[in-house]
Amino acid sequence: MLTGTPVALPEMLARREARAAEQAELLARWHAPLISFCLNIPGPVKTTPALRRLFDDGLAQIHARLARNGYAIRAEQERHAATGDECLLAAAGDAAALKEQMTSIEDAHPLGRLFDIDVIDAAGEKLSRPAPRLCLLCGRQAQDCARSRRHSVEELTAHIEMRLRAYEIQKRSAASSD
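Per this note's numbering, the very first residue in the sequence shown carries number 65; after that it's consecutive.
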């Protein structure tokens, strides 16, 4: 499931810089908060068909939440490459309220821990989560586990594969019972 085109660190760093430039361009053009959505996937493979389906699910949830709460999307840029699936949205509304909505998506979705939904205010400041994210494997603070390399990439990807499989089985089962 997590087999695909491996991406080297220089490619990831170059993409991060390019995404920051795209964010700055959208902020300058729209003077509105930005939602930056991608997936948190450890290791060299950043996208696969299963991860793309998960990304599409997450993006659909973002769109539904924005529509339900009356946020207009002023601009949207979607990108799919070996470095990962990404979407930038400029949305009319209060950045803090948007962050609250996006955090609730991350917290409520069965695989929301893999979602990376950042909100950047119109001044270009990234808003923080009210509580730190937890590790996929042990429940400790994710930043501490990442910094100390407490878990191997193999352990993390095996866990993600298992959860992706279970999620896709659950979705198929739900779709067939409708």
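All C-beta atoms in this analysis are idealised placements derived from N, C-alpha and C, irrespective of residue type, glycine included.
* What distance in whole Å lies between the Cβ atoms of Phe179 and Gly107, which are believed to be in contact at a cut-off of 8 Å? -> Not a contact, Cβ separation roughly 17 Å.
* Could you check the C-alpha separation between Arg229 and Arg117 for me, to the nearest Å? => Spanning the two alpha carbons is a distance of roughly 12 Å.
* Kindly list the residues whose CB is nearer than 6 Å to the CB of Gln141, restricted to its own chain and excluding five residues on each side of it in sequence; keep chain order. => Counting only Cβ-Cβ distances below 6 Å, and skipping sequence neighbours, we find Leu152.
* For Lys110, which residues from the same chain have a beta carbon less than 6 Å from its beta carbon, with the 5 sequence-adjacent residues on both sides left out? -> Excluding its 5 nearest sequence neighbours in each direction, Lys110 has C-beta neighbours in its own chain below 6 Å: Val71, Thr147, Gly148, listed in chain order.
* Asked: Which residue comes first and which comes last in the alpha helix (DSSP H) that contains Asp158?
  -> No alpha helix (DSSP H) holds Asp158; DSSP gives it neither H nor E.
* Measuring CA to CA, which of Asn104, Ala238, Gly68 is closest to Gln207? -> Considering only alpha carbons, the answer is Asn104.
* Unbroken beta strand (DSSP E) runs of length 3 or more, entirely within the stretch 182 to 217: which are they? -> Secondary structure in the stretch 182 to 217: no beta strand (DSSP E) run of 3 residues or longer lies completely within the stretch.
* What residue does the beta strand (DSSP E) around Ala139 start on, and which one ends it? -> It spans 137 to 145 - the beta strand (DSSP E) in which Ala139 sits, taken as one unbroken run.
* Asked: Using the rule of at least 16 other Cβ atoms within 10 Å of the residue's Cβ for burial, across every protein chain shown, is Cys102 buried or exposed?
  -> Classification of Cys102: buried, given that the 10 Å Cβ count is 16 or more.
* So the alpha helix (DSSP H) Ile126 belongs to, where does it begin and stop? -> Where Ile126 is concerned, the enclosing alpha helix (DSSP H) stretches over 113 to 132.
* Asked: Sorted by chain position, which residues of the same chain lie with C-beta nearer than 7 Å to Pro174's C-beta, five sequence neighbours on each side aside?
  -> The residues are Tyr231.
* With distances taken Cα to Cα, identify the nearest neighbour of Ala156 among His95, Thr69, Glu189, Gln165. => Comparing Cα-Cα distances from Ala156 to each of His95, Thr69, Glu189, Gln165, the minimum goes to His95.
* Asked: Taking the alpha carbon of Ala187 as the point to measure from, which residue in Asp158, Thr167, Ser168 has its own alpha carbon closest?
  -> Nearest in C-alpha terms to Ala187, of all of Asp158, Thr167, Ser168, is Asp158.
* Inspect the beta-carbon positions of Arg193 and Lys163 and report whether they are closer than 9 Å. => Yes.
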